[in-house]
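Protein chains in written order, with this note's numbering: chain A, 31 to 361; chain B, 31 to 361; chain C, 31 to 361; chain D, 31 to 361; chain E, 31 to 361; chain F, 31 to 361.
These notes concern the structure reproduced below.
There are 6 protein chains.
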Amino acid sequence: VKKIICFGEIMLRLTPPQYQKVLQTTQFDAVYGGSEANVGVSLSSFGLDAGYVTRVPDSPLGRSALNALNTYGVSTRKSIFGGDRLGLYFLEMGTGIRGSKVIYDRAHSGMATLQTGMIDWTTVFKDAQWFHWSGITPAISASAAAATLEAVRTARKMGLTVSCDLNYRANLWQYGKHPSEIMPELVRESHILLGDGDTIELYFGLKSKNYAGVFEKTMLAFPNLTYLAMTARQAFHASHNTYKGFLYCDKQMFESKVYDMPEILDRIGGGDAFMAGLIAALVRKHDPQYVVEFATAAATLKHYIRGDANISTLAEVTALMGGNTGGRVSR
Amino acid sequence: VKKIICFGEIMLRLTPPQYQKVLQTTQFDAVYGGSEANVGVSLSSFGLDAGYVTRVPDSPLGRSALNALNTYGVSTRKSIFGGDRLGLYFLEMGTGIRGSKVIYDRAHSGMATLQTGMIDWTTVFKDAQWFHWSGITPAISASAAAATLEAVRTARKMGLTVSCDLNYRANLWQYGKHPSEIMPELVRESHILLGDGDTIELYFGLKSKNYAGVFEKTMLAFPNLTYLAMTARQAFHASHNTYKGFLYCDKQMFESKVYDMPEILDRIGGGDAFMAGLIAALVRKHDPQYVVEFATAAATLKHYIRGDANISTLAEVTALMGGNTGGRVSR
Amino acid sequence: VKKIICFGEIMLRLTPPQYQKVLQTTQFDAVYGGSEANVGVSLSSFGLDAGYVTRVPDSPLGRSALNALNTYGVSTRKSIFGGDRLGLYFLEMGTGIRGSKVIYDRAHSGMATLQTGMIDWTTVFKDAQWFHWSGITPAISASAAAATLEAVRTARKMGLTVSCDLNYRANLWQYGKHPSEIMPELVRESHILLGDGDTIELYFGLKSKNYAGVFEKTMLAFPNLTYLAMTARQAFHASHNTYKGFLYCDKQMFESKVYDMPEILDRIGGGDAFMAGLIAALVRKHDPQYVVEFATAAATLKHYIRGDANISTLAEVTALMGGNTGGRVSR
Amino acid sequence: VKKIICFGEIMLRLTPPQYQKVLQTTQFDAVYGGSEANVGVSLSSFGLDAGYVTRVPDSPLGRSALNALNTYGVSTRKSIFGGDRLGLYFLEMGTGIRGSKVIYDRAHSGMATLQTGMIDWTTVFKDAQWFHWSGITPAISASAAAATLEAVRTARKMGLTVSCDLNYRANLWQYGKHPSEIMPELVRESHILLGDGDTIELYFGLKSKNYAGVFEKTMLAFPNLTYLAMTARQAFHASHNTYKGFLYCDKQMFESKVYDMPEILDRIGGGDAFMAGLIAALVRKHDPQYVVEFATAAATLKHYIRGDANISTLAEVTALMGGNTGGRVSR
Amino acid sequence: VKKIICFGEIMLRLTPPQYQKVLQTTQFDAVYGGSEANVGVSLSSFGLDAGYVTRVPDSPLGRSALNALNTYGVSTRKSIFGGDRLGLYFLEMGTGIRGSKVIYDRAHSGMATLQTGMIDWTTVFKDAQWFHWSGITPAISASAAAATLEAVRTARKMGLTVSCDLNYRANLWQYGKHPSEIMPELVRESHILLGDGDTIELYFGLKSKNYAGVFEKTMLAFPNLTYLAMTARQAFHASHNTYKGFLYCDKQMFESKVYDMPEILDRIGGGDAFMAGLIAALVRKHDPQYVVEFATAAATLKHYIRGDANISTLAEVTALMGGNTGGRVSR
Amino acid sequence: VKKIICFGEIMLRLTPPQYQKVLQTTQFDAVYGGSEANVGVSLSSFGLDAGYVTRVPDSPLGRSALNALNTYGVSTRKSIFGGDRLGLYFLEMGTGIRGSKVIYDRAHSGMATLQTGMIDWTTVFKDAQWFHWSGITPAISASAAAATLEAVRTARKMGLTVSCDLNYRANLWQYGKHPSEIMPELVRESHILLGDGDTIELYFGLKSKNYAGVFEKTMLAFPNLTYLAMTARQAFHASHNTYKGFLYCDKQMFESKVYDMPEILDRIGGGDAFMAGLIAALVRKHDPQYVVEFATAAATLKHYIRGDANISTLAEVTALMGGNTGGRVSR
């Protein structure tokens, strides 16, 4: 089987235990995560051959970040060492009416100073079938955006399928460029897009009165695209949401069933789990309806896994797709 | 007051903390439990004189298992030491739509190699009024089944009341016998039975279109039986169930009220708590309606106690029976 | 800005972790709290200048109690050292249908042996604008009641606004006096009162068929009063309540919106958070409707903060007032 | 085998984890202990039949204290419920040059208000061969001293061997009596005494220039005595001591070898472990040299057990006596 | 009493528990510390009036850093909010032959972008008697160095005593200046200096064949200096060191006794504890021999306190000075 | 670089935290380890390309065991799934005079039922240069011994260097064969041997009056051998040992310096760390003196790493070889 390569920034996530606030805590739970890394872990947990490319400092923290991916079978042999620090983020986990709060401390990371030419993309993409990137990397710095362009172009040229999670982060894009100056060029090299209407408007200036309309316009603007996906979350409160997925292809909208998600354990990485579900199902050549159901079930299950990444197995996701939401004890 | 003797296997339960999966954890919370041991702890917590008979290795683990029962006042003086290992099970505690998952590692335990003659039942039953066993023990091994038969026959001969929780475990019964070859003979020596329709069909080949019908047929098949009980659980998701109890005697069905159970803390041992409630109320000569209400309230409260066993007091259960479900702070 | 002085007893709170019962635990989580201290911490967290006066033993425990207030910016320079022990209480945190249980061990504390003359109230109240006390202190001992009277009289004389949370604790009042012999004299020196109908009847013998009626009678009985407040909680179960606040002034009742509170994290100190919200909004000269909305939002948010005190900021409370209850991740 | 009855006060011990000071901690480790309870646990761990008599409040804390003894097989059936609170103590565990610090909060406990007549000593001593008490109980209150006298007299009359650990606690003896007014009468009913020169001088006014001289004088003053024992500890620092035991009988001094104790884990209860070693070896009719060697090895091993009580087995202590101090891994 | 003002950078310290390496841990213990902040906490713990001035971001992390000082009574009212991030450092705590390892992540902090004029030093120094700074601050950035100069000049002009810990950090000084270009000008405004021979040579180009010689030359070079101090540590291994202090004044060298430090708990902040001891003893007008003995005892005791700062009391330090190193249990 | 393949059994290790005994604990720390797996992790940490072959059940436990190796870069792609359970062992960590205690529960594991033919050794050894096995595997079961023979013969035939740690485990060898019936045949296919005199006598019946003599005889008996190694440990107590290594080749004995190991953190896996050091240094073609010094330094450092495996880097080991045992803080 050929590899799926994910590219992006991985951070140390520090969470006060037991829903404490940072002001109260004397301890932080530590996991490593990042949007594209989370996709890699989920793909590997589904039994696919996933690789992850990033740039982290050659320090115990940088090495730990890569080790965390190795644990779940993601190869990091093509990641490079460099830069001054590993980005990190503090997460005050919310519950009930108190929402979660993320405090980023990711500036000046190894990925922020990544330059074109540092990663040998031709070698990275040898034996690979798929390249996944997200809108976070070009938002970090001009040089990271350039490196992303270098990557997608090489991937495209080498015949890989390219997927992108638009992933807008308002607190990034600090280097003087607007997403609309950078993203179109990158998306032009991609085939599968995960995003929502607001982000599509912000990045590409496209909008419509409904989802299908937006998707149609995006398809027209980027003729390379074959699949457009979106997720919709309804939040009753921090611990109780619903989740639904959409997939648009061949001018048709496919919608998943709606999952009720009570007693959410950890909602960080829900979208990444959806993305990984999309990729896994597409790689396995499922039909669009199955793809969107699988991706949505995967994203739903992620809400009940601690940490950033969905470590659920294929069997666990398909059991949920099959309706096993009652939470019975399995012995 | 005369003793109530419980007989069965006790295991070390290892649970990753904070709803982690085994794949993620660096620590396990440890408690000791087993269906019949849980019944003993609950009876003792209600102020009854409970004894527990088992066979565990003479190791720190075997001793810890017995100590755990002593802690709550259950006498283990008649338990014997022997065998190679203590059974154990790993519990991935579920929440929301993710159900709990039990991974058993109980083969080759001290109870599996228990032989008839090892336990001096005549001494065990001196000063005892009641003997409780479950369908788990005869499922472990042929010799454990034989020892169970030895026990129930002696108990019956010595005039004890005998109760049985049918407790079907699909992953046991590995020694070449079908439950229907073993269980009828054992149940023939028993007076009180806790079980559900599926298990009754599997064990005895009896079925009917409704609960009352099944119970009537079981009564006819086993004329020694005086009480038949059952519980019904509706699972909205892993953390939200309802619970209801049924008691059949004198050709009449008594039904408890239905308890709503939101925010379940630990559902392992719910049925054992019900069983202990049945025994405690019957020993105290309550009428059938009270018996089923008490047992159901006990089982409900167990869902809010960490660990396998219901350590609630009589007063706490009767407060719940009295309608105290609002969860106010008691100062 | 002038100081707000809170006066009362602070205790060590010991909570078995993870909803364990005292019978099960091998560890206690430790925080320090007390009704009036909690008010002080919340006021300081809102950016107000709060001071706390109490009497604790000069021991690591007494000093830790004061340090816990200093952490959040509450000045304890006017507190005094003395007495034999720090009061403490054990909290079995409830969940679902199991309510929380408080076991007090607060007798013989430094506050119980506080005498008039020990605290130099004139110095304490220099540069202060407000004095807050509660019905707990006069319930501890005759001498503590006398010291409270000394305090409120000095405060009144020095022109401070005086607020009181009636806070009835049935397990106190052990020294031979009924609240009705002590409380009226103290309330006569106060301007703002937080209390409910039952307590008002118990303390003052006043009752009526509805809230407004009770409040009107209380206003008549204590013409010094300018604001009367009350909270109403509906408890579906221990982890799911609703909350609503009432404020009565100028013969008019102002009612807050009702907050739904699912997945409650820690409901101890909800009333204290409301009281602090009242004081903060009144000090900032808001109109009655805003005052009651702010106080209720503050109390609601407290249910999602671990520990006794509301450490939420002004911005967090006003965000909730503005309708931000969906619990979205803030990045 | 006949019972060994221990009588005294049990407390909740609260220890900040990881050598933290009380000023720093957000958590306390909880164990239950008390000098005579520790003796009971050790005796039971050696396989002897131990009972413990005390008075604790009928609360989760009182019950937990008894449960903690039941865990290790000590019977508490003859203990009674009553009084307002369970005594407790805070332990700042020392290490290196920082010594451990105990902060007692034991006043007003159930044992402090124990009265003669409350415990039915005749029933307690049925089937018993030995009674153990310590100098702590008569130091608590006048009525506790009276109850101790009642106990030792009944024990003596019923033919039990009586042992006493003199155990002077400077912070007790607050009720107006000097130990020398109380202890002689109690010691007159005892046969075995554990104590040191300073305490013997304080209690009985006896002194001499060396250990043997003090013991000889004590024997003369209390002709009922058959064994006198003492321990000597040399402290290089908090984590490195040496330990040695002495036993005097038949006008002869028996001395144990000296144990080096590096890397001490928990030195609380060392003397209690020695006392239990004495009793266990005497009950088993060992010669004096063996008795003192066994008791000293037991006390030494206790320093490497967390908590107040020595839960080591007979085999573990005799292995140490046999010279197994190298700390090899046993597989 | 007049204030002692400390000025510097405070960081979040993240330590894997139980001597784990960063590569292994899933949790970090969190405390806040920094050389000058540690001095402040120790001074406050000795009962002196300490203030701390720094610049931290207005975030939960920045606020927590200040709160950590408030806890121990250090006033942070004159600290200012600003900058992008709070510096942090990871500490792999060593033991035995494995030394501790510090991984700094402190670049781009609020202190690094501190500018002259941001802090109103005249207000800061009102009612103050002493100003303490260290060689870390001018090493962070050119603007931080300039701000330090502004501070010492104002302090000197306003008549405060100025102390400095030379504190060389090889991984700082990244902004293009050598310490010898910056430090002399700052030291010229100071009266008390803590440093060692290597640092003095590096900063000032002064060296001699022994301590006294170096100190004499330094005194000649900086005639404003009245006291020079130094500490000497001998490391057998990470958990066993000795410690000794030196104080030079009036052309005379005063040496403390040597402390043996077995079983070290946390050696970070030993020098800061010494510095605080110096200041506290000098403020209290002790003679030089007492000063050096007190400072050395304080530093020694710090090695047995978790966290960066010495929270020992005056009484605890003087007890150690008095020879109480045996680590007996104090009850 | 060519692979180094390690083959053996991996187990779940469960350790009560904080030096508790199994009888006391409510929690176990969990790591995965086994002699040959530990060698693999250490080799990978040194930057070598290590693979591990074993047979574990296809369960969360089996997968976690492999993941634990992946974390540190060891490839487990050639391991197979099968068998009923993962072996486990309980470790009571000793300290001071209390030695560590291991309670094995490893019978009936996947490795115990491994059969010849299950692992495709030809594929495993493709691109490999080295095969490492130990005396534990042939001790588990007859079929595991046969599989080991199959492995070493294939390895030899394919030209790999074969190393063996004799590793005698008295509690294994339960299947009716004496080591001397099995081991010689296996060792005949090996080139490097780690073992001690007692084991060599037990396995091969060879003995002599000194180390060199034993080694010489072993070399004669197994002419295929090129290197023989041994370690000597002197145990003052559980937390303080010394360690020394020996290497014999070309009829010459090379001895390392002796390391003093105070304050040992975790001595499990010391020998495996030595073995990995040997392999790493031999692969890197160092001379015998360097090899034994490196291996001994690696083993020493392991004693200060939690868990079974030495995760130290090459740089950390060479720093220790260079004399860096003082435990200074590295910043």
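Note that CB positions come from ideal geometry on N, CA and C, so glycine has one too.
Small disclaimer: the values here were computed from a predicted structure and weren't measured.
Assuming the contact rule is C-beta atoms closer than 8 Å, residue 259 (chain A) and residue 357 (chain C) should be a hit. Round their C-beta distance to whole Å, please. The sequence position of residue 259 (chain A) within the first sequence is 229, counting from 1. The sequence position of residue 357 (chain C) within the third sequence is 327, counting from 1. No, residue 259 (chain A) and residue 357 (chain C) are not in contact; Cβ-Cβ is about 24 Å, not under 8 Å.
Do you know offhand how far residue 155 (chain A)'s Cα is from residue 53 (chain B)'s? Counting from 1 along the first sequence, the entry for residue 155 (chain A) is found at position 125. Counting from 1 along the second sequence, the entry for residue 53 (chain B) is found at position 23. The straight-line gap from Cα to Cα measures roughly 30 Å.
3-residue-minimum beta strand (DSSP E) runs that sit fully inside the region 182-223 of chain A, ordered along the chain: 191-195
Go through the region 223-298 of chain F residue by residue and report every complete run of the alpha helix (DSSP H) that reaches 4 residues or more, in order. 227-234, 241-251
Below 8 Å on the Cβ atoms is my contact criterion, and I expect residue 99 (chain D) with residue 67 (chain D) to pass it. Report the Cβ-Cβ distance as a whole number of Å. Looking up residue 99 (chain D) in the fourth sequence gives position 69. Looking up residue 67 (chain D) in the fourth sequence gives position 37. Rounded, the Cβ-Cβ distance is 6 Å, consistent with contact.
Is the beta carbon of residue 249 (chain B) closer than 8 Å to that of residue 69 (chain B)? By one-based count along the second sequence, residue 69 (chain B) stands at place 39. By one-based count along the second sequence, residue 249 (chain B) stands at place 219. In this structure, residue 249 (chain B) does not lie closer than 8 Å to residue 69 (chain B) by Cβ.
Step through the CB atoms of chain E and report whether any lies within less than 8 Å of the CB of residue 102 (chain C). The residue given as residue 102 (chain C) occupies position 72 in the third sequence. So yes, residue 102 (chain C) belongs to the interface.
Measuring CB to CB, does residue 34 (chain E) end up less than 8 Å from residue 83 (chain E)? Translated into the one-based positions of the fifth sequence, residue 34 (chain E) becomes position 4. Translated into the one-based positions of the fifth sequence, residue 83 (chain E) becomes position 53. No, they are not a contact pair.
Measure the CB-CB distance between residue 297 (chain B) and residue 267 (chain B) and report whether it falls below 8 Å. The sequence position of residue 297 (chain B) within the second sequence is 267, counting from 1. The sequence position of residue 267 (chain B) within the second sequence is 237, counting from 1. Not closer than 8 Å, so no.
When you compare the CB positions of residue 195 (chain B) and residue 164 (chain B), do they come within less than 8 Å of one another, or not? Along the second sequence, read from residue 1 onward, the residue named residue 195 (chain B) stands at position 165. Along the second sequence, read from residue 1 onward, the residue named residue 164 (chain B) stands at position 134. Their beta carbons are under 8 Å apart, which means residue 195 (chain B) touches residue 164 (chain B) by this criterion.
Note down, in chain order, every chain A residue with its Cβ under 8 Å from the Cβ of residue 114 (chain E). Along the fifth sequence, one-based indexing puts residue 114 (chain E) at 84. Chain A residues near residue 114 (chain E): 137.
Could you check which residue in E:43, E:129, E:97 has the C-alpha nearest to that of residue 360 (chain F)? In the sixth sequence, the residue the question calls residue 360 (chain F) occupies position 330. With distances taken between Cα atoms, residue 360 (chain F) lies closest to E:129.
From the beta carbon of residue 59 (chain A), is the nearest beta carbon of chain E less than 8 Å away? Locating residue 59 (chain A) in the first sequence gives position 29, counting from the first residue. Yes, residue 59 (chain A) lies at the interface with chain E (some Cβ there is under 8 Å from its Cβ).
Which residue from E:61, E:50, E:172 puts its Cα closest to that of residue 50 (chain D)? Taking the first residue of the fourth sequence as 1, we reach residue 50 (chain D) at position 20. With distances taken between Cα atoms, residue 50 (chain D) lies closest to E:61.
Residue nearest to residue 241 (chain C) in terms of C-alpha spacing, selected from C:122, C:283, C:132: Taking the first residue of the third sequence as 1, we reach residue 241 (chain C) at position 211. Taking only the C-alpha atoms, the option nearest residue 241 (chain C) is C:283.
My assumption, with CB atoms under 8 Å, is that residue 72 (chain A) sits in contact with residue 302 (chain A). Please give the rounded CB distance. Sequence index remark: in the first sequence, residue 72 (chain A) carries index 42 (1-based). Sequence index remark: in the first sequence, residue 302 (chain A) carries index 272 (1-based). Rounded, the Cβ-Cβ distance is 7 Å, consistent with contact.
Cβ closer than 7 Å: which chain I residues qualify as neighbours of residue 143 (chain A)? No chain I is present in this structure, whose protein chains are A, B, C, D, E and F.
Can you tell me whether residue 180 (chain B) is helix, strand or coil according to DSSP? Here residue 180 (chain B) refers to the residue found at position 150 of the second sequence. Residue 180 (chain B): helix per DSSP, three-state reduction.
Using a Cβ-Cβ cut-off of 7 Å (strictly less than) and excluding sequence neighbours within five positions of residue 106 (chain F), which residues of its own chain qualify? Counted from its first residue, the sixth sequence places residue 106 (chain F) at position 76. Answer for residue 106 (chain F): 82, 96, 99, 100, listed in chain order.
Going by other Cβ atoms of all chains shown within 10 Å of its Cβ, with 16 needed for buried, is residue 87 (chain B) buried or exposed? Stepping through the second sequence from its first residue, residue 87 (chain B) is reached at position 57. With 16 or more Cβ atoms within 10 Å of its Cβ, residue 87 (chain B) is classed as buried.
For residue 182 (chain D), the nearest candidate out of D:102, D:221, D:235 (CA to CA): Looking up residue 182 (chain D) in the fourth sequence gives position 152. Checking every option, the nearest Cα to that of residue 182 (chain D) belongs to D:221.
Residue-level contact to chain B via CB, residue 97 (chain D), 8 Å cutoff: Counted from its first residue, the fourth sequence places residue 97 (chain D) at position 67. Chain B contact via Cβ: present.
Quick check: the region 199-211 of chain C against the region 160-179 of chain C, are at least 3 beta-carbon pairs closer than 8 Å? yes
Buried versus exposed call for residue 328 (chain C) [16 or more other C-beta atoms within 10 Å across all chains shown]: For the purposes of this step, residue 328 (chain C) is taken as the residue at position 298 of the third sequence. When all chains shown are included, residue 328 (chain C) counts as buried.
Contained beta strand (DSSP E) runs [length at least 3] in the region 64-144 of chain A, N- to C-terminal order: 80-83, 118-122, 131-135
Alpha carbon to alpha carbon, how far is residue 137 (chain C) from residue 139 (chain D)? Along the third sequence, read from residue 1 onward, the residue named residue 137 (chain C) stands at position 107. Along the fourth sequence, read from residue 1 onward, the residue named residue 139 (chain D) stands at position 109. Each residue's alpha carbon lies about 11 Å from the other.
Do you know how far the Cα of residue 79 (chain F) is from the Cα of residue 342 (chain E)? For this step, residue 342 (chain E) is matched to residue 312 along the fifth sequence. For this step, residue 79 (chain F) is matched to residue 49 along the sixth sequence. If you take the alpha carbons of residue 342 (chain E) and residue 79 (chain F), they lie about 50 Å apart.
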